[in-house]
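A quick write-up on the structure given underneath.
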Amino acid sequence: MREIVHVDLPGRAYDVHIGPGLLAEAGAHIAPLLRRPRVAVISDETVAALHVESLRAGLARDGIEMKVLALPPGEATKSWQQLQTCLDWLLDLQVERGDIVVAFGGGVIGDLAGFAAAILLRGVRFVQVPTSLLAQVDSSVGGKTGINTRHGKNLVGAFHQPSLVLADTAVLGTLEPRDFLAGYGEVVKYGLLGDASFFDWLEENGPALAQGDGPARVEAVRRSVRMKADIVTRDETEQGERALLNLGHTFCHALEAATGYSDRLLHGEGVAIGCALAFGLSARMGLCAQEDPSRVRAHLHEMGMKKDLRDIAGALPDAQALVALMGQDKKVVDGQLRFILARGIGQAFVASEVDGADVVAVLEEALALS
């Protein structure tokens, strides 16, 4: 089962191929982009150990040579230091503007390698080969690249669209259950922000998807990517509608900062908890039915996912401190935090007029339960 989603950006259009077995065919897809038969692959040590030889074989079938840089896994790799490592390695390889950089890994590698490609020689092309569910449904599509700094997450970066995305869903079978479910947090987000029928579908098919149902996984990736592609096509640089894709992320980024970007909280877990908090805030403000936050949490619970602050190991700062961390977010405009709230499941919108007291109250209530 194969699907192709076209991202129709004028002058920068590309296809997202979705389905099992794409690593074996990587050369056939990438060869038309190349001026010479070589690519520079940036990956992490975990992905490289599992899949790099499959990618090498898939490229070799079409006579393409690859060099690989494998970095430490984890969010801490999205740093100035590792960005410099990537750039020095690419320059040592004498990568030219006509060459292709391949980002082969999860969201961290996609963001880092994409940013390195964006600034190397003032911009070289790159291909996303996402290996995590989170990267396949979200971060590999849309052209956001970047790194974290001590000031916060993704505060340094560039919009740099890939030339191609190859999402091999068979690779998802090698993910640890926790990593797969973390990625599912982004899948749920798509249903919650703009497609109630997709959320209905996830309530019915999510458990089978988590258990390894191949066609269900392809369909979940396709629907998520289709929604993101449509939004990105209309608002590439997040001047308006694209901000909806940040549902749950204002809470999430504060929680990630509070937990030191460690494995106490994976990004997708933070998104899931953030979505539940965003619906809780929406209900508190009278924007959506009280039943909606309960329905969101019930589905996350059925999937065995983190859904509340109490699901995060270790102590958290108080509500005021978490709100202060939100102030470091990219979504601050004129000193005012923007939240993505909802009038119901599938009905998200951008809200700048949010009473800070409501945010504090929602967080205090959540912390009291932890």
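Going by the working numbering, the first residue of the sequence shown is number 284, and it counts up by one from there.
Just so it is clear, CB atoms sit at the ideal spot from N, CA and C, and this is done for glycine as well.
This one's a predicted model, so the numbers in the text were calculated from it and none came from an experiment.
**Prompt:** Since alanine 323 contacts valine 378 with CB under 8 Å, what's their CB separation in whole angstroms?
**Reply:** 6 Å
**Request:** Could you spell out the range, first to last residue, of the alpha helix (DSSP H) harbouring methionine 510?
**Result:** 497–517
**Request:** Ignore the nearest five residues each way along the sequence and tell me which others in lysine 472's own chain have a CB closer than 7 Å to its CB.
**Result:** Leu530, Gly531, Val554 and Cys558
**Request:** Sort out for me which residues DSSP pairs tyrosine 297 with in a bridge.
**Result:** Val290
**Asked** For leucine 395 versus leucine 366, is the C-beta spacing smaller than 8 Å?
**Response** yes
**Message:** Considering only the alpha carbon of each residue, which of Leu370, Ser565, Ile430 and Pro356 lies closest to leucine 404?
**Reply:** Leu370
**Asked** Quick one: what's got a C-beta closer than 6 Å to lysine 427's C-beta in the same chain, skipping five residues either side?
**Response** none
**Item:** For isoleucine 325, the nearest candidate out of Ala340, Met349 and His312 (CA to CA)
**Value:** Met349
**Request:** Would you please state the rounded distance, in angstroms, between the beta carbons of valine 407 and alanine 309? I believe it to be under 8 Å.
**Result:** In fact, because the Cβ distance is near 18 Å, the residues do not count as touching under 8 Å.
**Unbroken stretches of the alpha helix (DSSP H), 4 residues or longer, contained in the segment 593–643** = 602–609
**Message:** I'd like the list of long-range same chain contacts for glutamate 647, defined as Cβ closer than 6 Å, with 5 residues on each side in sequence excluded.
**Reply:** Ala602
**Prompt:** Are the beta-carbon atoms belonging to phenylalanine 409 and leucine 338 less than 8 Å from one another?
**Reply:** no
**Prompt:** So is aspartate 382 buried or exposed if we call it buried at 16+ other beta carbons inside 10 Å?
**Reply:** buried
**Prompt:** So the alpha helix (DSSP H) asparagine 488 belongs to, where does it begin and stop?
**Reply:** 479–493
**Prompt:** So alanine 631 and leucine 416 are in contact, right, with Cβ under 8 Å, and what is the actual spacing, rounded?
**Reply:** Going by Cβ atoms, the distance from alanine 631 to leucine 416 rounds to 21 Å, so no, they are not a contact pair.
**Asked** Whose CA, out of Leu342, Gly389 and Leu374, lies closest to the CA of glutamate 328?
**Response** Gly389
**As assigned by DSSP and simplified to three states, the class of isoleucine 347** = coil
**Message:** Nearest by alpha-carbon distance to glutamate 469: which of Pro490, Asp421 and Thr432 is it?
**Reply:** Asp421
**Message:** Which residue wins for smallest C-alpha separation from isoleucine 623, given the options Leu599, Ala572, Cys535 and Pro600?
**Reply:** Cys535
**Message:** Determine whether the beta carbon atoms of aspartate 478 and leucine 306 lie at a separation below 8 Å.
**Reply:** no
**Nearest-angstrom beta carbon gap, lysine 511 and glutamate 552 [assumed within contact, 8 Å]** = Glutamate 552 to lysine 511, Cβ: 20 Å. No contact.
**Asked** Considering only residues of the segment 360–415, which uninterrupted alpha helix (DSSP H) runs meet the minimum length of 4 residues and lie entirely inside it, listed in chain order?
**Response** 363–375 and 390–402
**Asked** If we ignore side chains and look at the alpha-carbon of each, how far apart do valine 454 and leucine 316 end up?
**Response** 23 Å
**Message:** Taking only three categories from DSSP, how would you classify valine 579?
**Reply:** helix
**Request:** Tell me, to the nearest whole angstrom, how far the beta carbon of leucine 527 is from that of valine 633; I am working on the premise that it is less than 8 Å.
**Result:** 7 Å
**Message:** Does proline 293 pass the burial test, meaning 16 or more other C-beta atoms within 10 Å, or should it be called exposed?
**Reply:** exposed
**Prompt:** Using the beta-carbon count (16 or more within 10 Å), is glycine 587 buried or exposed?
**Reply:** exposed
**Asked** What does a CB cutoff of less than 7 Å around phenylalanine 442 pick up in its chain, not counting 5 residues either side in sequence?
**Response** Gly426, Lys427, Glu519 and Thr520
**Prompt:** From what residue to what residue does the alpha helix (DSSP H) around alanine 311 run?
**Reply:** 309–313
**Message:** Could you check whether arginine 525 and isoleucine 514 sit closer than 8 Å to each other, using their CB atoms as the reference points?
**Reply:** yes
**Asked** Starting from valine 554 and walking both ways along the alpha helix (DSSP H), at which residues does that stretch end?
**Response** 550–567
**Message:** Let's test the definition: count the other Cβ atoms within 10 Å of the Cβ of proline 717 and tell me whether it reaches 16, buried, or not, exposed.
**Reply:** Outside the displayed range of the chain (284 to 653) lies residue 717, so it cannot be described from this structure.
**Message:** According to DSSP, arginine 321 sits in a beta bridge with which residue or residues?
**Reply:** Glu348
**Request:** Please confirm whether alanine 331 and alanine 353 have their CB atoms less than 8 Å apart.
**Result:** yes
**Asked** What does a CB cutoff of less than 8 Å around threonine 368 pick up in its chain, not counting 5 residues either side in sequence?
**Response** Leu352 and Leu354
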